[in-house]
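**Student:** This is the structure I have questions about; it appears just below.
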Amino acid sequence: MKKIIRYSAEIYNSIEIYWESEMNHRILGTGIVVSYIGTLLLIQLKMWGLVPGFANQFIPDNHFAAVEVAFIVLLFFEVMSLIFILPQSVANSLYKQFEIISLILLRNAFKEFSHFVEPLVLHQNIETILHILSDTFSALVVFSGLYLVRSIRIHKLIFFKEEEQFQFIRLKKMTSLLLMFAFILLAIQDTILYFTHSDTFKFFPAFYTILIFTDILMVLISLRYNYNYLVLFRNSGFALATVLLRLALSAPVYYNALIAIVAIVFVYLLTLVYQKMLKTEEEQLLN
3 MKKIIRYSAE IYNSIEIYWE SEMNHRILGT GIVVSYIGTL LLIQLKMWGL
53 VPGFANQFIP DNHFAAVEVA FIVLLFFEVM SLIFILPQSV ANSLYKQFEI
103 ISLILLRNAF KEFSHFVEPL VLHQNIETIL HILSDTFSAL VVFSGLYLVR
153 SIRIHKLIFF KEEEQFQFIR LKKMTSLLLM FAFILLAIQD TILYFTHSDT
203 FKFFPAFYTI LIFTDILMVL ISLRYNYNYL VLFRNSGFAL ATVLLRLALS
253 APVYYNALIA IVAIVFVYLL TLVYQKMLKT EEEQLLN
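If you're matching positions, the sequence shown starts at 3 in our numbering and goes up one per residue.
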């Protein structure tokens with residue numbers, strides 16, 4: 003088992019080095035721009051009647067759909083980045099998930115624009131405008147809340163023995179590698195379902211469901227190395243926040259915004275109290 007963990011960590015390290023390279027970042031950035039401009043071009047060609055009939059069904063009718071496509075590509079890259087952040091710390095992983103949720107809310111806001119008929123006539127789309135305002139405001143609250151959480155957080159290693167810390171990181175790298183394979187398989191399956199006109203299972207909610215079980219697994223594994231009540235409660239609370247994020251992804255408009263806001267407020271209060279209790283505990287040890 004130790005050999006499997008070690009080899010998995012080595013494979014993970016190789017992939018991470020490439021993913022974090024400057025060349026790969028340029029490729030990803032270029033891919034987002036190409037997806038945006040390419041979608042705009044295809045939509046315009048469709049409007050001009052220059053797209054073959056069999057392809058018309060796969061191309062949107064509204065130019066604003068190009069923004070949604072670009073955000074979807076961006077979110078795929080962000081989710082991949084999340085996989086590489088997982089071995090760093092439970093907190094960093096959760097913060098990245100909140101970043102993704104804020105981007106998903108913004109994507110939802112842009113998606114609502116596709117319901118408008120060009121040229122835009124605002125007074126005929128009051129309900130759609132309310133949906134846009136809801137998603138936009140909630141994305142801003144999550145964005146601001148994440149800044150507040152990071153501003154009060156003090157990093158502290160969970161384990162006392164260096165070897166135990168190293169072993170736990172290896173386990174997390176192996177888990178991240180498995181998560182990466184699950185990510186790729188879900189993406190391939192959802193793409194096939196889309197092009198075969200089947201009902202897709204909605205990629206991001208499905209992946210967040212897997213993240214819930216992954217976060218709980220990380221909490222349980224950490225107990226092998228350190229059974230500290232404060233750390234256990236904080237990490238369990240973070241896992242619960244992941245559940246709330248999953249609910250936000252599948253909730254209807256307004257409710258998704260409310261759940262996301264509740265989640266970031268919960269994490270802020272949890273982190274604030276955790277830091278206070280941690281400081282008090284350290285002062286008691288010194289005295």
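All C-beta atoms, glycine included, are put in the ideal place defined by N, C-alpha and C.
So, using beta-carbon positions, are I87 and F206 closer together than 8 Å?
**Tutor:** No. Outside cutoff.
**Student:** Going by Cα to Cα distance, which pick from I103, E165 and A189 is closest to A243?
**Tutor:** Nearest of I103, E165 and A189 to A243, Cα basis: I103.
**Student:** Just to confirm the assignment, what range does the alpha helix (DSSP H) spanning S104 have?
**Tutor:** From DSSP, the alpha helix (DSSP H) with S104 extends over V92 to F115.
**Student:** Grab me the residues of I75's own chain with a C-beta within less than 7 Å of its C-beta, minus the 5 sequence neighbours each way, in chain order.
**Tutor:** The amino acid at residue 75 is misidentified as Ile; the sequence shows Val. So the list reads G33, I34 and S37, once near-sequence residues are dropped.
**Student:** How about E274 and I154: are their beta carbons less than 8 Å apart?
**Tutor:** The question names Glu, yet the displayed sequence has Leu at residue 274. In contact: L274 and I154 (Cβ atoms closer than 8 Å).
**Student:** Leaving out five residues on either side along the sequence, give the residues of the same chain with a beta carbon under 6 Å from the beta carbon of P89.
**Tutor:** I171, K174, K175 and S178.
**Student:** Would you be able to state if there are at least three C-beta pairs under 8 Å between the stretch 138-155 and the stretch 266-282?
**Tutor:** Counting Cβ pairs under 8 Å, three or more are found: they touch.
**Student:** Classify E63 as buried or exposed, calling it buried when 16 or more other Cβ atoms lie within 10 Å of its own Cβ.
**Tutor:** It should be pointed out that residue 63 corresponds to Asp in this sequence rather than to Glu. Looking at its Cβ environment, which holds fewer than 16 other Cβ atoms inside 10 Å, D63 is exposed.
**Student:** If I follow the unbroken alpha helix (DSSP H) through L52, where does it start and stop?
**Tutor:** Where L52 is concerned, there is no enclosing alpha helix (DSSP H), given that its DSSP letter is neither H nor E.
**Student:** So for F60, helix, strand or coil by DSSP?
**Tutor:** In this structure, F60 counts as coil in the three-state DSSP scheme.
**Student:** Note the first and the last residue of the continuous alpha helix (DSSP H) segment covering E129.
**Tutor:** First-last of the alpha helix (DSSP H) with E129: I128 to I154.
**Student:** So R109 and F73 are supposed to be a Cβ contact under 8 Å. How far apart are they, rounded?
**Tutor:** The pair is a contact, with the Cβ atoms about 4 Å apart (cut-off 8 Å).
**Student:** Quick check: the Cα distance between V81 and I194, rounded to an integer number of angstroms?
**Tutor:** For V81 and I194, the distance between alpha carbons rounds to 20 Å.
**Student:** Ends of the alpha helix (DSSP H) at P207?
**Tutor:** Note, P207: alpha helix (DSSP H), F205 to S224.
**Student:** How close, in whole Å, do the beta carbons of F115 and F183 come, if the pair is a contact with beta carbons under 8 Å?
**Tutor:** With 8 Å as the limit, F115 and F183 do not qualify as a contact, their Cβ atoms being about 35 Å apart.
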